[in-house]
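Peer 1:
Residue numbers (this note's numbering), protein chains in the order written: chain A, 6 to 359; chain B, 6 to 359.
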């Protein structure tokens with residue numbers, strides 16, 4: 006796949022982030038050496054999608070480390086802690102962010118340990134952090150390439166696929182998860198068609214998925230989230246495939262709000278429901294989806310559009326950003342290490358990094 | 006119930022219509038003696054909701070009749086035919102529009118018949134049409150008052166109710182259907198709470214339902230359509246209640262797109278799913294929902310918001326305005342003549358006007 010856009014790029018001493026909130030209207034990039042800018046970009050969804058959040062978080066820690074002026078190791082580590090806390094505190098649901106932070110922390114511990122032995126200094130820790138962020142980026146890219154290849158086997162020639170939210174290169178910095186599978190199936194010469202849920206409130210489907218599928222030459226019809234059931238009932242959808250923000254040890258999957266509804270509809274219509282995610286999205290430390298923290302976002306995301314309030318100003322609004330789809334609704338979970346089917350518990354252990 | 010707003014009013018020689026597309030921001034009224042303005046108002050959803058469309062259609066025919074200048078009966082009837090065709094051709098799904106037109110046509114036939122006997126003239130037919138439009142209006146108001154009273158019995162004290170689209174006074178010119186039931190339950194002193202689906206693409210839930218519930222003093226939380234499943238899965242919704250645009254003889258119900266998804270979710274969670282509609286919404290001429298024509302509306306309704314395109318300009322979009330919920334998902338249908346439960350076929354016949 007050739008994409009003409011890079012959602013996140015490392016430029017040696019700074020990170021370049023494509024502002025996804027401006028798409029598809031404008032391609033605006035943010036270049037920064039300030040980790041706080043990266044934290045804000047993650048919070049404000051300039052960069053979003055679990056794998057991309059992980060990569061952005063890693064680079065955020067890297068630029069944060071580079072920006073620390075002190076030379077004394079203990080002081081450096083203390084300031085680095087603030088950087089990591091800030092990055093990790095941006096969004097609570099996507100597993101990949103915490104996974105990336107853990108890898109970065111591990112590098113610090115190792116470098117710190119070696120430093121004591123071989124006289125490594127702060128500069129060496131900084132270099133090690135930058136190298137690790139680049140590796141995390143490369144690993145996520147590679148994982149999505151592999152899982153897309155594996156997942157494409159599940160997509161039958163001639164099928165029409167429903168997807169929710171955005172899971173392409175923008176969301177992953179690589180090939181994509183659910184959208185990667187779809188795009189790979191198309192590259193294999195399969196004649197496929199996609200219904201893309203617009204994905205309220207922030208319209209990642211309308212703004213980003215439609216844009217990415219059109220760039221990839223995959224026929225795509227945009228619908229509102231409320232239309233998926235209609236098209237399923239008419240027999241026009243053959244399978245549903247979505248990404249994930251966090252997968253618990255039992256296979257329960259947190260993903261963009263509305264995913265659970267797609268899963269229930271798929272079950273009701275006897276349609277396979279697939280989750281595609283790198284193993285970095287799997288969190289074996291939690292037994293089930295009940296333990297996944299669900300981010301509550303601001304009422305303004307639902308109430309306002311382009312500065313216009315679409316509801317009475319003082320109307321109460323709830324805005325959970327994710328929901329949890331219990332494992333029983335999931336036909337298979339597609340990862341870079343293989344396709345897992347229920348019961349998920351055991352297989353999950355084997356396919357995770359941990 | 007005291008409402009401070011009148012969605013449709015008859016002013017002796019003209020009709021006054023509240024432009025619902027401007028709500029909740031502005032209360033703008035259209036006053037017209039031109040049936041073509043009424044047809045445009047229906048097409049452009051300035052007036053919407055099956056019962057309100059029926060009433061607006063009747064008044065549209067009335068002002069159309071008043072505006073015909075010829076005195077020769079045959080010529081008058083020919084021009085009136087154009088008026089009726091224009092009104093009936095505005096929207097294809099709501100049964101109430103055709104019901105109203107049929108009543109108006111019956112009046113013409115009767116007046117025409119009597120005229121041959123007792124020398125009735127064109128003026129008499131005009132008067133009869135105006136009187137019938139006013140009766141249709143009054144009948145719809147009365148029907149929604151009665152069905153709200155009956156339906157309120159189904160609402161348990163302390164319950165949280167999900168609703169979709171808008172079904173209050175705005176949609177009915179009367180008490181409301183689904184929202185009438187909810188508002189009546191609140192008036193009975195029941196402590197209830199509502200989750201209102203925003204109802205994409207035209208946001209009738211966000212713009213109108215939230216507005217009407219706040220005016221009625223019913224606690225309401227606005228959510229996106231994709232969130233209903235989330236709140237059901239958390240046990241936070243006790244029942245769902247919606248209106249209808251057309252109900253087939255077997256109980257299959259066409260209603261705003263997304264209704265079917267709510268019904269599937271309700272079934273999955275063991276939650277009652279109610280439809281509230283006057284019997285004027287029932288169409289015994291069709292055996293099942295398969296025969297209900299589903300209006301396809303413009304791609305712009307999905308693609309644009311406040312003049313801003315939210316997706317690539319050339320993206321393919323589908324925009325069915327309604328879906329059909331098979332009778333098997335419907336716990337009960339609440340009408341002014343009683344509450345019907347499956348199997349619907351026989352009871353339906355008894356409760357229809359036809």
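Here a beta-carbon is modelled for each residue, glycine too, at the ideal position from N, C-alpha and C.
#1: Can you tell which of B:244, B:192, B:247 has the C-alpha that lies nearest to the C-alpha of residue 223 of chain B?
#2: Would you kindly check if the distance between the Cβ of residue 69 of chain B and the Cβ of residue 88 of chain B is under 8 angstroms?
#3: Shortest alpha-carbon distance to residue 84 of chain A belongs to which of A:56, A:107, A:131?
#4: Which one or two residues does DSSP pair with residue 330 of chain A in a beta bridge?
#5: Excluding sequence positions up to five away, which residues of its chain have a Cβ less than 6 angstroms from the Cβ of residue 259 of chain A?
#6: Which residues does DSSP pair with residue 140 of chain B in a beta bridge?
#7: What is the C-beta distance between residue 230 of chain B and residue 202 of chain B, in whole angstroms, given that I count them as a contact (C-beta under 8 angstroms)?
#8: For residue 219 of chain B, return the contacting residues in chain A, with the cut-off set at a CB-CB distance below 7 angstroms.
#9: In the DSSP output, which residue or residues are listed as bridge partners for residue 279 of chain B?
#10: Taking the beta strand (DSSP E) that residue 5 of chain A belongs to, which residues open and close that run?
#11: Secondary structure at residue 123 of chain B, three-state DSSP: helix, strand or coil?
#12: If the cut is a Cβ gap below 7 angstroms, which residues of chain B does residue 93 of chain A touch?
#13: In the DSSP output, what is residue 15 of chain B paired with across the bridge?
#14: Which residues in the same chain as residue 123 of chain B place their Cβ atom closer than 6 angstroms to its Cβ, once the five residues preceding and following it in sequence are excluded?
#15: Listed in chain order, which residues of the segment 13 to 26 of chain A have Cβ atoms closer than 8 angstroms to some Cβ of chain B?
#16: Counting only the same chain and skipping the five closest in sequence on each side, list residues whose C-beta sits under 8 angstroms from that of residue 146 of chain A.
#17: Cβ closer than 7 angstroms: which chain A residues qualify as neighbours of residue 228 of chain B?
#18: Pull up the distance between the alpha-carbon of residue 28 of chain A and that of residue 213 of chain A, whole angstroms please.
#19: Expressed to the nearest angstrom, what Euclidean distance is found between the alpha-carbon atoms of residue 18 of chain B and residue 38 of chain B?
#20: Please report whether the beta-carbon of residue 174 of chain B lies at a distance below 8 angstroms from any beta-carbon of chain A.
#21: Would you mind sorting residue 359 of chain B into buried or exposed? The rule is 16 or more other CB atoms within 10 Å of its CB.
#22: Nearest chain A C-beta to residue 123 of chain B closer than 8 angstroms, yes or no?
#23: Can a CB atom of chain A be found closer than 8 angstroms to the CB of residue 250 of chain B?
#24: With a threshold of 8 angstroms between beta carbons, is residue 10 of chain A in contact with chain B?
#25: Please go through the same chain and pick out, in chain order, the residues whose beta-carbon is closer than 7 angstroms to the beta-carbon of residue 51 of chain A, but skip the five residues on each side of it.
#26: Under the assumption that residue 254 of chain A contacts residue 353 of chain A (Cβ atoms under 8 angstroms), give the Cβ distance between them as a whole number of angstroms.
#27: Relative to chain B, which residues along the segment 243 to 271 of chain A have a C-beta separation below 9 angstroms, given in chain order?
#28: By the 10 Å Cβ neighbour count, where 16 or more other Cβ atoms means buried, how is residue 16 of chain B classified, buried or exposed?
#29: Taking C-alpha atoms, which residue in B:65, B:31, B:33, B:9 lies nearest to residue 20 of chain B?
#30: For residue 10 of chain B, which three-state DSSP category applies?
#31: Report the neighbours of residue 33 of chain B on chain A: residues whose CB is nearer than 7 angstroms to its CB, in chain order.
#32: Give a yes or no on whether 8 angstroms exceeds the smallest Cβ distance from residue 231 of chain B to chain A.
#33: Under DSSP, the beta strand (DSSP E) around residue 265 of chain A begins and ends at which residues?
#34: Which residues in chain A sit within 7 angstroms of residue 310 of chain B, going by Cβ to Cβ distance?
#35: Tell me the DSSP secondary structure of residue 298 of chain B in three-state form.
#36: Go ahead and label residue 240 of chain B buried or exposed: buried means 16 or more other beta carbons lie within 10 angstroms of its beta carbon, across all protein chains shown.
Peer 2: Here's the rundown:
#1: For the purposes of this step, residue 223 of chain B is taken as residue 218 along the second chain, with counting starting at 1. The candidate whose alpha carbon is nearest that of residue 223 of chain B is B:192.
#2: Mapped onto the second chain, residue 88 of chain B falls at position 83. Mapped onto the second chain, residue 69 of chain B falls at position 64. In contact: residue 88 of chain B and residue 69 of chain B (Cβ atoms closer than 8 angstroms).
#3: If you number the first chain from 1, residue 84 of chain A lands on position 79. Residue A:131 is the option with its Cα nearest to residue 84 of chain A.
#4: Along the first chain, read from residue 1 onward, the residue named residue 330 of chain A stands at position 325. DSSP, once it has assigned bridges, lists A:258 as partnering residue 330 of chain A.
#5: Translated into positions along the first chain, residue 259 of chain A becomes position 254. Same-chain partners within the cutoff: 98, 250, 251, 297, 327, 329.
#6: Here the question's residue 140 of chain B lines up with position 135 in the second chain. DSSP output for residue 140 of chain B lists no bridge partner at all.
#7: Locating residue 230 of chain B in the second chain gives position 225, where the first residue counts as 1. Locating residue 202 of chain B in the second chain gives position 197, where the first residue counts as 1. About 5 angstroms; that satisfies the 8 angstroms criterion.
#8: Mapped onto the second chain, residue 219 of chain B falls at position 214. Chain A residues near residue 219 of chain B: 317, 320.
#9: Walking along the second chain from the start, residue 279 of chain B turns up at place 274. Partner(s): B:246, B:337.
#10: Because chain A in this structure spans residues 6 to 359, residue 5 of chain A falls outside the shown range and cannot be described.
#11: As a working note, residue 123 of chain B is residue 118 in the second chain. Because residue 123 of chain B carries a pLDDT of 47, less than 50, the predicted location of this residue cannot be relied on, and the following value inherits that uncertainty. Residue 123 of chain B: helix per DSSP, three-state reduction.
#12: On the first chain, position 88 is the one that residue 93 of chain A refers to. Within chain B, no residue comes near residue 93 of chain A; the closest Cβ sits about 25 angstroms away, beyond 7 angstroms.
#13: Numbered from 1 along the second chain, position 10 holds the residue referred to as residue 15 of chain B. According to DSSP, which records beta bridges pairwise, residue 15 of chain B is partnered with B:20.
#14: Position 118 of the second chain, counting from 1, holds the residue named residue 123 of chain B. Because the pLDDT of residue 123 of chain B is 47, which lies under 50, any placement of that residue in the model is unreliable, and the question is left without a value.
#15: none
#16: Here residue 146 of chain A refers to the residue found at position 141 of the first chain. Cβ neighbours of residue 146 of chain A beyond the five flanking positions: 177, 178, 179, 180.
#17: The residue labelled residue 228 of chain B in the question sits at position 223 within the second chain. Ordered by position in chain A, the residues that pass the 7 angstroms Cβ test against residue 228 of chain B are 323.
#18: Residue numbering aside, residue 28 of chain A sits at position 23 when the first chain is read from its first letter. Residue numbering aside, residue 213 of chain A sits at position 208 when the first chain is read from its first letter. When rounded, the distance between both Cα atoms is 7 angstroms.
#19: Here the question's residue 18 of chain B lines up with position 13 in the second chain. Here the question's residue 38 of chain B lines up with position 33 in the second chain. Distance between the alpha carbons of residue 18 of chain B and residue 38 of chain B: 7 angstroms.
#20: Stepping through the second chain from its first residue, residue 174 of chain B is reached at position 169. With 8 angstroms as the cut-off, residue 174 of chain B does not count as an interface residue toward chain A.
#21: Translated into the one-based positions of the second chain, residue 359 of chain B becomes position 354. A caution first: residue 359 of chain B carries a pLDDT of 34, below 50, which makes its placement in the model too unreliable to give a value.
#22: On the second chain, position 118 is the one that residue 123 of chain B refers to. Unreliable placement is indicated for residue 123 of chain B, whose pLDDT of 47 sits below 50; the coordinate value is still reported in the next sentence. So no, residue 123 of chain B is outside the interface.
#23: For the purposes of this step, residue 250 of chain B is identified with residue 245 of the second chain, where counting begins at 1. So, not an interface residue.
#24: Against the first chain, residue 10 of chain A aligns to sequence position 5. Judged by the 8 angstroms Cβ criterion, residue 10 of chain A is not in contact with chain B.
#25: What you label residue 51 of chain A is simply residue 46 of the first chain in a count that begins at 1. So the qualifying residues of the chain are 22, 24, 25, 26, 35.
#26: Taking the first chain and counting its residues from 1, one reaches residue 254 of chain A at position 249. Taking the first chain and counting its residues from 1, one reaches residue 353 of chain A at position 348. That pair is a contact at about 6 angstroms.
#27: 261, 262, 263, 264, 265, 266, 267, 268, 269, 270
#28: Stepping through the second chain from its first residue, residue 16 of chain B is reached at position 11. So residue 16 of chain B ends up on the exposed side.
#29: Residue mapping note: residue 20 of chain B aligns to position 15 of the second chain, counting from 1. Considering only alpha carbons, the answer is B:65.
#30: Reading the second chain from its first residue, position 5 is the one you call residue 10 of chain B. Coil.
#31: Sequence index remark: in the second chain, residue 33 of chain B carries index 28 (1-based). Going along chain A, no residue has its Cβ under 7 angstroms from residue 33 of chain B, so there is no contact; the nearest lies around 16 angstroms.
#32: Looking up residue 231 of chain B in the second chain gives position 226. Output row for residue 231 of chain B: interface = yes.
#33: One-based indexing of the first chain puts residue 265 of chain A at position 260. Premise fails: residue 265 of chain A lies in the alpha helix (DSSP H), 264 to 273, not in any beta strand (DSSP E).
#34: Walking along the second chain from the start, residue 310 of chain B turns up at place 305. Those are 310, 311, listed as they occur along chain A.
#35: Here the question's residue 298 of chain B lines up with position 293 in the second chain. Residue 298 of chain B falls in the coil class under three-state DSSP.
#36: For the purposes of this step, residue 240 of chain B is taken as the residue at position 235 of the second chain. So residue 240 of chain B ends up on the exposed side.
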